[in-house]
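This report concerns only the one structure given below.
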Amino acid sequence: MRVTARQLCRRKPLETMIGEAESEASGPGGLRRSMGLTQLTLLGISSVVGTGIFFVLGTAVPKAGPGVVLSFVVAAVVAGLAALCYVELAGAIPVAGSTYSYTYASLGEGAAYLVAWCLILEYGVAVSTVAVSWGQYLNELTDALFGFTVPDAISQPPGAGGVVNIPALVVVLLCSLLLARGTRESARLNAVMVCVKLSVLVLFVAVAFTAFRAGHFADFAPHGASGIGVAASAVFFSYVGFDTVATASEEVRDPRRTIPLALVLTLGAVTVLYILVSLAAVGAQPAGRFGAQADAGEAVLAEILRDVTGAGWPVVLLSAGAVVSIFSVVLVTLYGQTRILFSMARDGLVPEIFRRVDRKRHTPVGNTWIVGAGVGALAAFVPLQYLADLTSMGTLVAFVAVAAAVVVLRRIAPDAPRPYKVPLYPVVPMVSAASCLYLAWLLPGITWALFGGWLVLAAALYLVFGRRHSALRERASAHEHGEADVSTTAARA
Numbered sequence: 105m106r107v108t109a110r111q112l113c114r115r116k117p118l119e120t121m122i123g124e125a126e127s128e129a130s131g132p133g134g135l136r137r138s139m140g141l142t143q144l145t146l147l148g149i150s151s152v153v154g155t156g157i158f159f160v161l162g163t164a165v166p167k168a169g170p171g172v173v174l175s176f177v178v179a180a181v182v183a184g185l186a187a188l189c190y191v192e193l194a195g196a197i198p199v200a201g202s203t204y205s206y207t208y209a210s211l212g213e214g215a216a217y218l219v220a221w222c223l224i225l226e227y228g229v230a231v232s233t234v235a236v237s238w239g240q241y242l243n244e245l246t247d248a249l250f251g252f253t254v255p256d257a258i259s260q261p262p263g264a265g266g267v268v269n270i271p272a273l274v275v276v277l278l279c280s281l282l283l284a285r286g287t288r289e290s291a292r293l294n295a296v297m298v299c300v301k302l303s304v305l306v307l308f309v310a311v312a313f314t315a316f317r318a319g320h321f322a323d324f325a326p327h328g329a330s331g332i333g334v335a336a337s338a339v340f341f342s343y344v345g346f347d348t349v350a351t352a353s354e355e356v357r358d359p360r361r362t363i364p365l366a367l368v369l370t371l372g373a374v375t376v377l378y379i380l381v382s383l384a385a386v387g388a389q390p391a392g393r394f395g396a397q398a399d400a401g402e403a404v405l406a407e408i409l410r411d412v413t414g415a416g417w418p419v420v421l422l423s424a425g426a427v428v429s430i431f432s433v434v435l436v437t438l439y440g441q442t443r444i445l446f447s448m449a450r451d452g453l454v455p456e457i458f459r460r461v462d463r464k465r466h467t468p469v470g471n472t473w474i475v476g477a478g479v480g481a482l483a484a485f486v487p488l489q490y491l492a493d494l495t496s497m498g499t500l501v502a503f504v505a506v507a508a509a510v511v512v513l514r515r516i517a518p519d520a521p522r523p524y525k526v527p528l529y530p531v532v533p534m535v536s537a538a539s540c541l542y543l544a545w546l547l548p549g550i551t552w553a554l555f556g557g558w559l560v561l562a563a564a565l566y567l568v569f570g571r572r573h574s575a576l577r578e579r580a581s582a583h584e585h586g587e588a589d590v591s592t593t594a595a596r597a
């Protein structure tokens, strides 16, 4: 099977991409533009604020000490630089698919296909991992309230002491049902859940600051700048997901304005919240205790509240917050996964069923249930706690592609409408790509090996299915045949 560089680098014109999206949105079977700025921003916050901030301090503080506050700042800067690139691209290319669509329009079909699989890795592994955590914290909540827990045999996957993780499967299927019923309904429920989990974290900050001790910051960076950097690569997982906002471009009103504003508001709100939580946590408890709590399997934030208040209600509060938080993350991340596959199906790179939209509910129902079944199976039968770094790797590589897309599109489509432009161009995209590569370099070697295997699998699938069914390739072939027919007719004449 011969694949030429020209085929791999064939780009999808911006006009074609936007025209297809607008045509489908105006049809009876298209996605419905039902979300405004508030709902979209809450969707973004929901996709970011999940299990990470509730438990990442237990592993990050031993690496950076009190300097973990700077680790959150470093991770926020990296995410912020990528967000600036997303802002420009979301305004110029207001279509579903996020990074995949941006890469298709700039770097070509081959690169877009690999980036799409990075996004599938980001969303799929992330949602499976947090679904497993949902069952664990549901157990903590029921134990604290009723003294009852689900037996390990049906609440843990094989290899982790069980046979099947029923709670993890249930939460994925429930979220799939909500998404299949309609985007508007899912967005309303998500808004409620965001308010609940943000209230829990704000309450933690308020209570923990009552026990704040400046002396806890005395040995600020015991492992130096390298420790802060390593911790930044760990806490970066807490920022994963804000790009989900860009996958909703075809379901929001006035996407050229709404998407960029929602991206900025999401990242700004999350960054402020994370810095406040880390400051309050380290100020209320010596850095040396975080590692021991994590090793013992304790919920660090709950233990801090227990020590500060001397009461048992913090376990109930934090467990309830984690249950709601994880549910909303599963809901939003599944949403992003289905919209990536929707865009790929429109381009012929995955089977047609992933782009079929229900005429009544205006959602890709078949797509949603297929993704839900696959992710649910992973969560139910595979222990994924070791694969969180793969989520970060897929995200960082996608961010590098976004930075490259900004530079390439400035060259090949300089006159395209851009309501927002990256400041200090081309410095910001270059620094964004370099910082993402730096954090990726700090990830363990096993993560690189697994990621390489994943890309090899993606390349094989492209050669077997994607390349053969590419809509862009078929149009190019038809165009070439048309030119050949015209030339033949002219010659005969």
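The sequence shown maps to residues 105 to 597 in this note's numbering. All C-beta atoms, glycine included, are put in the ideal place defined by N, C-alpha and C.
Task: As assigned by DSSP and simplified to three states, the class of Val376 - done: Walking along the sequence shown from the start, residue 376 turns up at place 272. Note: Val376 maps to helix in three-state DSSP.
- [ ] Could you tell me the boundaries of the alpha helix (DSSP H) in which Thr207 lies?
- [x] Position 103 of the sequence shown, counting from 1, holds the residue named residue 207. Unbroken alpha helix (DSSP H) run through Thr207: 203–210.
- [ ] Alpha carbon to alpha carbon, how far is Ile379 from Phe173? Give it in angstroms, no decimals.
- [x] Position 69 of the sequence shown, counted from the start, is the residue given in the question as residue 173. Position 275 of the sequence shown, counted from the start, is the residue given in the question as residue 379. What sits at residue 173 in the sequence shown is Val, not Phe. The alpha-carbon of Val173 is positioned some 6 angstroms away from that of Ile379.
TODO: Reducing DSSP to helix, strand and coil, say where Ser259 ends up.
DONE: Mapped onto the sequence shown, residue 259 falls at position 155. In the structure shown, Ser259 sits in a strand (DSSP, three-state: E or B).
- [ ] May I ask you to report which of helix, strand or coil DSSP gives Val356?
- [x] Locating residue 356 in the sequence shown gives position 252, counting from the first residue. It is a strand residue.
TODO: State whether the stretch 526–541 contacts the stretch 558–575, with contact taken as three or more CB pairs (one from each stretch) at a distance under 8 angstroms.
DONE: no
TODO: Below 8 angstroms on the Cβ atoms is my guess for Val304 versus Gly425; work out the distance and round it to an integer in Å.
DONE: On the sequence shown, residue 304 is found 200 positions in, with the first residue counted as 1. On the sequence shown, residue 425 is found 321 positions in, with the first residue counted as 1. 3 angstroms between Cβ atoms; contact.
TODO: Evaluate Ala183 with the Cβ neighbour count: other Cβ atoms within 10 Å of its Cβ, from every protein chain shown; 16 or more gives buried, anything less gives exposed.
DONE: Taking the sequence shown and counting its residues from 1, the one referred to as residue 183 is at position 79. By the 10 Å Cβ count, Ala183 comes out buried.
Open item on the list: Between the alpha carbons of Gly212 and Leu576, how many angstroms are there, rounded?
Closed with: Counted from its first residue, the sequence shown places residue 212 at position 108. Counted from its first residue, the sequence shown places residue 576 at position 472. Approximately 10 angstroms, taken between the alpha carbons.
Open item on the list: Does Ala194 pass the burial test, meaning 16 or more other C-beta atoms within 10 Å, or should it be called exposed?
Closed with: Here residue 194 is taken as the residue at index 90 of the sequence shown, counted from 1. For Ala194, the number of other beta carbons within 10 angstroms of its own is at least 16, and it is reported as buried.
Open item on the list: Using DSSP's beta-bridge definition, name the partner residues of Asn269.
Closed with: Your numbering for residue 269 matches position 165 in the sequence shown. According to DSSP, which records beta bridges pairwise, Asn269 is partnered with Ser259.
Task: Pro262 versus Gln397 - alpha carbon distance - done: Sequence index remark: in the sequence shown, residue 262 carries index 158 (1-based). Sequence index remark: in the sequence shown, residue 397 carries index 293 (1-based). Going by the C-alpha atoms only, they are around 26 angstroms apart.
Open item on the list: Measuring only the C-alpha atoms, how far is Gly148 from Met297?
Closed with: Residue mapping note: residue 148 aligns to position 44 of the sequence shown, counting from 1. Residue mapping note: residue 297 aligns to position 193 of the sequence shown, counting from 1. Each residue's alpha carbon lies about 12 angstroms from the other.
Open item on the list: Taking 8 angstroms as the threshold (C-beta atoms), are Asn294 and Val506 in contact?
Closed with: As a position in the sequence shown, residue 506 is number 402, starting the count at 1. As a position in the sequence shown, residue 294 is number 190, starting the count at 1. Not a contact, by the Cβ cut-off of 8 angstroms.
Task: Reduced DSSP secondary structure (H/G/I, E/B, other) of Arg577 - done: The residue you call residue 577 lines up with position 473 of the sequence shown. Assigned with DSSP and collapsed to three states, Arg577 falls in helix.
Open item on the list: Within 10 Å of its beta-carbon, does Lys167 have 16 or more other beta-carbons around it, so buried, or fewer, so exposed?
Closed with: As a position in the sequence shown, residue 167 is number 63, starting the count at 1. With 16 or more Cβ atoms within 10 Å of its Cβ, Lys167 is classed as buried.
Task: Span of the alpha helix (DSSP H) around Phe555 - done: Against the sequence shown, residue 555 aligns to sequence position 451. First-last of the alpha helix (DSSP H) with Phe555: 549–565.
Open item on the list: Is the separation between the beta-carbon of Gly331 and that of Gly171 shorter than 8 angstroms?
Closed with: Looking up residue 331 in the sequence shown gives position 227. Looking up residue 171 in the sequence shown gives position 67. It is a contact, given that the beta carbons lie within the stated cut-off.
Task: Nearest-angstrom Cα separation, counted from Thr472 out to Phe458 - done: Counted from its first residue, the sequence shown places residue 458 at position 354. Counted from its first residue, the sequence shown places residue 472 at position 368. Whole-angstrom Cα-Cα distance: 8 angstroms.
Task: Residue closest to Gly395, alpha-carbon to alpha-carbon, out of Val152, Gly470, Leu161, Val339 - done: Counting from 1 along the sequence shown, the entry for residue 395 is found at position 291. Comparing Cα positions, the closest option is Leu161.
Task: Coil, strand or helix - Tyr524 by DSSP - done: Residue mapping note: residue 524 aligns to position 420 of the sequence shown, counting from 1. Residue state, collapsed to three classes: coil.
Task: 8 angstroms Cβ cutoff met for Leu245 and Ser423 - done: Mapped onto the sequence shown, residue 245 falls at position 141. Mapped onto the sequence shown, residue 423 falls at position 319. Yes, these two residues count as a Cβ contact at 8 angstroms.
Task: 8 angstroms contact criterion, which Gly405 and Phe158 should meet: CB distance rounded - done: On the sequence shown, position 301 is the one that residue 405 refers to. On the sequence shown, position 54 is the one that residue 158 refers to. A quick correction: the sequence has Leu, not Gly, at residue 405. That belief holds up - the Cβ atoms of Leu405 and Phe158 are roughly 6 angstroms apart, short of 8 angstroms.
Open item on the list: Just to confirm the assignment, what range does the alpha helix (DSSP H) spanning Tyr542 have?
Closed with: Counted from its first residue, the sequence shown places residue 542 at position 438. Start and end: 531–545.
Task: Endpoints, the alpha helix (DSSP H) within which Tyr190 is located - done: As a working mapping, residue 190 is identified with position 86 in the sequence shown. Where Tyr190 is concerned, the enclosing alpha helix (DSSP H) stretches over 172–196.
TODO: Could you tell me the distance, in whole angstroms, from the CA atom of Asp451 to the CA atom of Tyr208?
DONE: Here the question's residue 451 lines up with position 347 in the sequence shown. Here the question's residue 208 lines up with position 104 in the sequence shown. Rounded to whole angstroms, Asp451 to Tyr208 spans 10 angstroms at the Cα level.
TODO: Please look up how many angstroms separate the CB atoms of Val344 and Thr145, rounded, as I've assumed it's under 8 angstroms.
DONE: For the purposes of this step, residue 344 is identified with residue 240 of the sequence shown, where counting begins at 1. For the purposes of this step, residue 145 is identified with residue 41 of the sequence shown, where counting begins at 1. Contact doesn't hold; Cβ gap of about 17 angstroms is too wide.
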